[in-house]
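Take the sequence shown: its position 115, counted from the start at 1, is 115 in full-length UniProt numbering, and no numbers get skipped.
In this text, a Cβ means the ideal position worked out from N, Cα and C, and glycines have one as well.
Note that the coordinates shown come from a computational prediction; the quantities given were computed from them, not determined experimentally.
Heads up: the structure comes next, in structure tokens.
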Amino acid sequence: MERVEEVVDRGREVEEDLFDNAMTGDWEKVVGLYRSSENVHDLRITKMGDTALHIAAFDGETKIVLDLLEIIKENASKILQIKNKKGNTPLHLAAKVGDVETCHAMATKDRKLVSLRNDQDETPLFLAALNGHEKVFLCLHSHCVEGCYSFRARNGDTILHAAMSGEYFNLAFQIILWHPELVNNINQSGLSPLHILANTPSAFKSSSRLRQLDRLIYQCLIAEELNGQEVDKKICPRGKKGRNIDNRGSESQELTKSWGNRMCSSLCLAKRGNKKEDAENPQQKSSSMQGMNQREESHPNYIYSSCVKFFNLITAVLDVINGSPRSAVWSIDKIQDEKRRHIWATQVMNKLVEHSNLYKKVVQISGGDPEDKDKFGDVPDRSELHLEEPSGSTSHTEKKDNTEAKNDNLEDKKDNKKSEDKKTPILIAAKMGVSEMVETILDKFPVAIYDVDSENKNVALLAVENRQPHVYSLLVDRKKQITRLLRGVDNNGNNALHLAAKCGRHRPWLTPGAALQMQWELKWYTFVKNSMPPRSSVRYNKKGQMPQEVFTTSHKRLRKEGSDWLVKTSESCSVVAALIATVAFATSASVPGGIDDKTGSPVLKDKPAFNAFTISSLLALCLSVTALVFFLTIITSRYEAQDFSISLPRKLLLGLTSLFASIAAVLVSFCTGHVFLLDRHLRYVAYPLYAATCLPVTIFALAQLSLYYDLIRVIFRKVPQRSYREYRH
1 MERVEEVVDR
11 GREVEEDLFD
21 NAMTGDWEKV
31 VGLYRSSENV
41 HDLRITKMGD
51 TALHIAAFDG
61 ETKIVLDLLE
71 IIKENASKIL
81 QIKNKKGNTP
91 LHLAAKVGDV
101 ETCHAMATKD
111 RKLVSLRNDQ
121 DETPLFLAAL
131 NGHEKVFLCL
141 HSHCVEGCYS
151 FRARNGDTIL
161 HAAMSGEYFN
171 LAFQIILWHP
181 ELVNNINQSG
191 LSPLHILANT
201 PSAFKSSSRL
211 RQLDRLIYQC
221 LIAEELNGQE
231 VDKKICPRGK
241 KGRNIDNRGS
251 ESQELTKSWG
261 NRMCSSLCLA
271 KRGNKKEDAE
281 NPQQKSSSMQ
291 GMNQREESHP
301 NYIYSSCVKF
311 FNLITAVLDV
321 INGSPRSAVW
331 SIDKIQDEKR
341 RHIWATQVMN
351 KLVEHSNLYK
361 KVVQISGGDP
371 EDKDKFGDVP
381 DRSELHLEEP
391 SGSTSHTEKK
401 DNTEAKNDNL
411 EDKKDNKKSE
421 DKKTPILIAA
431 KMGVSEMVET
441 ILDKFPVAIY
451 DVDSENKNVA
461 LLAVENRQPH
471 VYSLLVDRKK
481 QITRLLRGVD
491 NNGNNALHLA
501 AKCGRHRPWL
511 TPGAALQMQW
521 ELKWYTFVKN
531 SMPPRSSVRY
541 NKKGQMPQEV
551 FTTSHKRLRK
561 EGSDWLVKTS
571 ESCSVVAALI
581 ATVAFATSAS
591 VPGGIDDKTG
601 SPVLKDKPAF
611 NAFTISSLLA
621 LCLSVTALVF
631 FLTIITSRYE
641 AQDFSISLPR
651 KLLLGLTSLF
661 ASIAAVLVSF
671 CTGHVFLLDR
681 HLRYVAYPLY
691 AATCLPVTIF
701 ALAQLSLYYD
711 LIRVIFRKVP
721 QRSYREYRH
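This is the structure:
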């Protein structure tokens, strides 16, 4: 009895030592404990049921994992299949952190480890795709058993869903090349990979908003395109549906395994820092970032690289001058990453649309994982299966078939009801403003123009409602299709003009201030109205409202905010204009140097400074009075909705221009009049003081340049520009 207690105590002591050493990172002692006793190999040391191998794999201790695998040679397959309480094996954790060398070593011990699922039905291959670890994915894919890549997570996501969700376009492109059949799989939410991409407008150029200089740099930069690895048919033969055929024992299978081992070994050497291989293959050096798996660190062209470094230096100087961590001009690397991201997303989108069967009636009878079929469908359509009953079938059989048909009809009704709440990719793209996807889908599947959502809104109605000018302009250019679309109405009887008249909770336009938002709302309404069929503006919806009535009602709050801002701005500026007018009037009435008693003419009339003083003082008076008049007309305005279109913004622009010009004229008048009071030797000392006097006004004028730019852009631009800082979901 005492012997048993000693063994138990000894076991507890070893378990505590193993836990303490693993937690403190003293892995050499862990390796020593593994060598000393086989009983600790499968010992769970945490509440989550982790073994030391789990912890080492999750901490990225590659050398320790390899040592532990070397110790547990014969039992490696059994111990590597141990799962913690979340169902994760050590390979799951290694794939999650992206340790390619560890993954290769574990998968080599037992290829079945790649297809083991955790409690969320996630395989190590799925976790590698979900976290964007391309090298790990390629390594595990080479060890993947038949059908492993088609396994789905509990929510129905495939490896392609996982890569698309993380915006790992490089990896997603490779998955599509190898397994194009995954393009049409949908998850439990009814989303395909194309749906996910449509919900990512920031990945496309149409949704980016670069400043003028950034746009110029964007056009000049070079970004590489994706070039995925095509599967060699001799090494990895394909089935009829594009799946890899796992012929165990065949020559092709051995070639596949040897190819995978060579690839993974080379990746492992790259991770260990093999300088020779890095020198021979510089493109293998990469760094991960959000939305991309890897990119080249250096440009092949030295001149191009030097130019990029030069522009980066310029942007760094601008950062210092502006005194902010983010200047008005992005760094060149960020702009290039943005362009690469747009190009890669477009390539992935083209592949997804190419292999999509959204508008085809496809019957899938076999293929894929049986468990996933039970969960997510892939059930053949009975109307396409012509099954003949054997002769002499009994009425019981017919009754049974009728019952099954009724059940199938109920299932179909449930599926149809569920699908009514789902939008097709083109509808999502129209809502989110991805014009590239809308155009590509319409070119590939013109029938997509008839898609409507659960509220009976088509592509044009969604683009109008969500303020997507570039998508709507794209549709307007398709004259044969746009007329049919614009005649459509939603379930509430609203046509496109009704939806253009509605004011949402968010402010969608790329301009600050309620007054300018109101102006662009009017421009958007006018733009849509001009493209609508005749008499669309007098159509009533189910609430008995015409578009103009909807606009007036829904924009009350925005109009109130805009009018309040204009009143406050005009009142403040009118006070300043009145003060300047008073000073300018007093200045214009005084004559520097006095008047000649004999002739009655100014004594200094022949001096150039005197003429400058006279003209500037007169300009200051006239411009200040003009500004005062404009601001008073704004204050006394009735603030009707149409006034925000042209009248009020134009008056504000002219008033601010006159005010700034009058301030400048007053300063010139002061400086030229003050010159006569100084001695000739002191004039050169006064010039820097004059410049310092003008500096505050200059800073104030520069601070108002953004408002000037917005006013001018809104006045002269016909189609408003959408802001993508916030989305309307």
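Which residue's Cα is closest to the Cα of K457: K431, E436, Q481? K431
Would you tell me roughly how many angstroms separate the C-alpha atoms of L632 and F204, rounded to the nearest one? 46 Å
Tell me whether the region 516-536 and the region 643-655 touch, counting them as touching only if at least three CB pairs, one residue from each stretch, are closer than 8 Å. yes
Whole angstroms is fine: what's the gap from D477's alpha carbon to Y168's? 33 Å
Range of the contiguous alpha helix (DSSP H) that encloses Q219: 212-220
What distance in whole Å lies between the Cβ atoms of G156 and I186, which are believed to be in contact at a cut-off of 8 Å? 7 Å
Can the beta-carbon of N130 be found closer than 9 Å to that of A163? According to the sequence provided, residue 130 is Leu. The question's Asn does not apply to it. Going by C-beta atoms, L130 is nearer than 9 Å to A163.
What residue range is occupied by the uninterrupted alpha helix (DSSP H) comprising C103? 100-109
Flag this pair as yes or no: are the beta carbons of L623 and L652 separated by less than 9 Å? no
Along the chain, where does the alpha helix (DSSP H) containing V114 start, and where does it finish? Here V114 belongs to no alpha helix (DSSP H), and DSSP marks it neither H nor E.
Less than 7 Å between C-beta atoms, sequence neighbours within five positions excluded: which residues of the same chain meet that for C148? V114, S115, T123, L125
Check G32 in the structure and name its three-state DSSP category. helix
Where I343 and L461 are concerned, what is the direct C-alpha to C-alpha distance, given to the nearest angstrom? 28 Å
CA-to-CA distance, R638 to K351, given in whole angstroms: 56 Å
Which residues in the same chain as T587 place their Cβ atom closer than 6 Å to its Cβ, once the five residues preceding and following it in sequence are excluded? S617, S669
E16, DSSP secondary structure in three states: helix
Consult DSSP for A153 and reduce its assignment to one of helix, strand or coil. coil
Can you tell me which of T553, C573, L499 puts its alpha carbon nearest to the alpha carbon of L657? Per the sequence presented here, residue 657 reads as Thr, with Leu not at that position. Nearest option by C-alpha distance: C573.
Counting along the chain, where does the alpha helix (DSSP H) carrying A128 start and finish? 124-130
Which listed residue (A496, T24, V528) has its alpha carbon closest to that of D59: T24
Pairwise C-alpha distance: S706 and V666: 24 Å
Taking 9 Å as the cut-off, decide whether the C-beta atoms of A128 and V348 are in contact. no
Among I159, I699, C694, which one has its Cα closest to the Cα of Q174? I159
What does the alpha-carbon distance come out to for the pair I615 and S662? 12 Å
Environment of Q212 [buried if 16+ CB atoms lie within 10 Å]: exposed
Is the beta carbon of H54 sitting closer than 9 Å to the one on N75? no
From the DSSP output, in three-state form, read off L43 for me. coil
Hey, is R117 close to the ligand GDP, as in C-beta under 8 Å from one of its heavy atoms? Here there are no bound small molecules, and the ligand GDP is not part of this structure.
Quick one, which of K63, L93, R650, S36 has its alpha-carbon nearest T51's? L93
Beta-carbon separation of Q548 and S537 under 9 Å? yes
Count the other C-beta atoms from every protein chain shown that fall within 10 angstroms of the C-beta of V489, then say buried if there are 16 or more, exposed otherwise. buried
Alpha carbon to alpha carbon, how far is I699 from A691? Give it in angstroms, no decimals. 12 Å
Can you give the Cα-Cα distance for F716 and R209, rounded to whole angstroms? 19 Å
Would you check if the distance between the CB atom of A514 and the CB atom of E561 is smaller than 9 Å? yes
Compute the Euclidean distance between the alpha carbons of I45 and F19, then round it to the nearest angstrom. 6 Å
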